[in-house]
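**Q** This note's numbering puts the first residue of the sequence shown at 24, with every later residue one more than the last.
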Amino acid sequence: MRFTVDKDKIRLDVFLAEKLGVSRSNIKTVLEKDGAFVSGTKRTKSGFELRAGDEVEFSLPEPETLDVKAENIPLDIVYQDEWFAVINKPQGMVVHQASSYKKSDTLVNALLYNLDNLSGINGVIRPGIVHRLDKDTSGLIVVAKNDEAHKSLASQIEKKTARRIYYGLCDGNFKEDEGTVDAPIARSKKDRKKMAIDEAGRRAVTHYRVIERFGKYTLVRFELETGRTHQIRVHAASLHHPIVGDAVYGGSQELYKSGQLLHAKELVLTHPHTGERVTFECDLPDYFEEVLQKLRKQIR
Numbered sequence: 024m025r026f027t028v029d030k031d032k033i034r035l036d037v038f039l040a041e042k043l044g045v046s047r048s049n050i051k052t053v054l055e056k057d058g059a060f061v062s063g064t065k066r067t068k069s070g071f072e073l074r075a076g077d078e079v080e081f082s083l084p085e086p087e088t089l090d091v092k093a094e095n096i097p098l099d100i101v102y103q104d105e106w107f108a109v110i111n112k113p114q115g116m117v118v119h120q121a122s123s124y125k126k127s128d129t130l131v132n133a134l135l136y137n138l139d140n141l142s143g144i145n146g147v148i149r150p151g152i153v154h155r156l157d158k159d160t161s162g163l164i165v166v167a168k169n170d171e172a173h174k175s176l177a178s179q180i181e182k183k184t185a186r187r188i189y190y191g192l193c194d195g196n197f198k199e200d201e202g203t204v205d206a207p208i209a210r211s212k213k214d215r216k217k218m219a220i221d222e223a224g225r226r227a228v229t230h231y232r233v234i235e236r237f238g239k240y241t242l243v244r245f246e247l248e249t250g251r252t253h254q255i256r257v258h259a260a261s262l263h264h265p266i267v268g269d270a271v272y273g274g275s276q277e278l279y280k281s282g283q284l285l286h287a288k289e290l291v292l293t294h295p296h297t298g299e300r301v302t303f304e305c306d307l308p309d310y311f312e313e314v315l316q317k318l319r320k321q322i323r
């Protein structure tokens with residue numbers, strides 16, 4: 024594929040992500056391996072600065088043969104058509120295999136059994152996966168059923184036109200009714216399994232609003248502007264109000280011990296084929312509601 028740059032001072036990965044509708048992380052992986060030619064010179068750095076008039080040649084690799092097996096795992100399919108599906112993922116389910124998690128029982132295993140088609144643009148272990156939810160975060164996740172839909176949906180997330188809204192129960196009583204955390208996130212230098220606020224990290228922005236107060240706890244609505252790994256969990260902890268049950272980032276275990284009480288409640292997208300703006304919502308899981316009911320009784 025060949026593209027002509029139409030403006031100065033744009034990063035190579037940003038330019039290609041916009042043109043192809045693929046995430047910058049995927050572009051970076053391909054650049055590091057195969058590079059791109061900019062006006063005849065091979066470049067492998069994602070941050071290489073392009074100038075107006077540059078000619079960029081770049082190729083996405085062909086999808087490899089799928090080696091993940093379909094498994095008969097029931098799914099709560101909120102919506103599906105020939106372009107995409109929206110799934111209400113249960114807490115405890117891993118989205119896809121990784122080097123640190125090579126077991127079965129992932130969302131991808133279930134998708135391969137339950138859906139008739141999945142996009143192949145994201146590789147052999149992540150077919151259809153446009154964005155992720157942590158293992159112990161429940162709620163809505165969109166899945167692409169063809170490559171055209173995948174590019175559109177990934178572009179919406181990259182350009183922040185998709186809206187992703189979560190409800191989380193946090194420790195402590197928030198001083199403000201609403202606010203924004205704008206703090207960069209990177210892999211923790213002390214523990215590689217964790218993320219941390221780091222000025223050298225990628226920009227991360229989370230908007231929050233208090234929904235209900237329980238004295239020692241607060242139910243909060245979070246809306247992602249960016250989508251970094253563990254973003255809400257890290258930002259909530261940075262406010263000294265970690266998510267209840269989130270032992271990794273300091274959440275209390277008194278009310279709930281089986282993972283964080285964080286739920287992806289609402290998803291707003293532009294349909295990749297019709298252009299219609301569509302909204303999907305799902306209720307809080309029963310175990311989450313039970314905790315809230317217990318707190319409501321205590322403060323009456």
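We put the CB at the ideal spot given by N, CA and C, even for glycine.
All figures in this text were calculated on a predicted structure; none of them were measured in a lab.
Hey, GLN283 and ARG251: beta-carbon distance below 8 Å or not?
**A** No, the pair does not count as a contact, with Cβ atoms beyond the cut-off.
**Q** Give every residue of the same chain whose Cβ lies closer than 6 Å to the Cβ of THR160, excluding the five residues on either side of it in the sequence, and list them in chain order.
**A** Excluding sequence neighbours, THR160 sits near LEU285.
**Q** Rounded to a whole number of angstroms, what is the C-alpha to C-alpha distance between LEU290 and LEU176?
**A** For LEU290 and LEU176, the distance between alpha carbons rounds to 12 Å.
**Q** Out of GLY224, GLU201, ASP200, point me to the one whose CA is closest to SER211's CA.
**A** When each option's Cα is compared against that of SER211, the closest is GLY224.
**Q** Alpha carbon to alpha carbon, what distance is there between ILE152 and THR293?
**A** When rounded, the distance between both Cα atoms is 17 Å.
**Q** Measure from the alpha carbon of ASP200 to the alpha carbon of each residue in GLY162, ARG236, ARG226, SER46, then state which is nearest.
**A** Minimum Cα distance to ASP200 is reached at ARG236.
**Q** Would you call the CB atoms of SER281 and GLY268 closer than 8 Å?
**A** For SER281 and GLY268, yes; Cβs fall inside 8 Å.
**Q** What is the DSSP secondary structure of ARG210, reduced to helix, strand or coil?
**A** It is a strand residue.
**Q** May I have the straight-line CA-CA distance separating LYS158 from VAL28, to the nearest angstrom?
**A** Rounded to the nearest angstrom, the two C-alpha atoms are 40 Å apart.
**Q** Return the Cβ separation of TYR102 and PHE303 in integer angstroms, given the expectation that the two are a contact with Cβ distance under 8 Å.
**A** That pair is a contact at about 6 Å.
**Q** I want to know whether the segment 179 to 192 touches the segment 234 to 249 - three or more CB-CB distances under 8 Å.
**A** Touching, per the Cβ criterion.
**Q** For LEU39, report the span of its alpha helix (DSSP H) as first-last.
**A** Looking at the DSSP string, the run of the alpha helix (DSSP H) that includes LEU39 is 35 to 43.
**Q** Residues in the same chain with beta-carbon distance under 6 Å from VAL61, minus the five sequence neighbours each way, listed in chain order, please.
**A** Excluding sequence neighbours, VAL61 sits near ASP77, VAL79.
**Q** Is the beta carbon of LEU54 less than 8 Å from the beta carbon of THR64?
**A** No, the Cβ-Cβ distance between LEU54 and THR64 is not below 8 Å.
**Q** With PHE311 as the anchor, note down where its alpha helix (DSSP H) starts and where it stops.
**A** Its alpha helix (DSSP H) spans residues 309 to 322.
**Q** Which same chain residues end up closer than 8 Å to LYS32 when comparing Cβ atoms and leaving out the 5 residues on each side of it in sequence?
**A** Here the set comprises GLU72, LEU73, ARG74.
**Q** Which same chain residues, not among the five before or five after LYS30, have their C-beta less than 6 Å away from its C-beta?
**A** The residues are ALA75.
**Q** So what's SER261 in DSSP terms, helix, strand or just coil?
**A** In the structure shown, SER261 sits in a helix (DSSP, three-state: H, G or I).
**Q** Terminal residues of the continuous alpha helix (DSSP H) containing LYS56?
**A** Run containing LYS56: 47 to 57, per the alpha helix (DSSP H) assignment.
**Q** Can the beta-carbon of ALA219 be found less than 8 Å from the beta-carbon of HIS258?
**A** Contact flag unset, no.
**Q** Please name the residue or residues paired with SER161 in a DSSP beta bridge.
**A** Bridge partners of SER161: HIS286.
**Q** Please state if the CB of HIS253 and the CB of ASP194 are separated by a distance shorter than 8 Å.
**A** Not a contact, by the Cβ cut-off of 8 Å.
**Q** For THR52, tell me which candidate among PRO84, GLU41, PHE26 has the shortest Cα-Cα distance.
**A** Nearest option by C-alpha distance: PRO84.
**Q** Hey, ILE164 and ALA287 are a contact pair by Cβ (cut 8 Å); roughly how many whole angstroms apart?
**A** About 7 Å separates the two Cβ atoms, so the contact holds.
**Q** So, helix, strand or coil for ASN111, using DSSP?
**A** Note: ASN111 maps to strand in three-state DSSP.
**Q** Could you check if SER82 is buried or exposed, using at least 16 other CB atoms within 10 Å of its CB as the buried criterion?
**A** Result: exposed.
**Q** LEU134 lies in the alpha helix (DSSP H); which residues open and close that run?
**A** Start and end: 130 to 137.
**Q** Can you tell me whether LEU262 is buried or exposed, with buried defined as 16 or more other CB within 10 angstroms of its CB?
**A** That one is buried.
**Q** Can you check which of these residues, ASP128, ALA108, THR229, is closest to GLU94 by C-alpha distance?
**A** Nearest option by C-alpha distance: ASP128.
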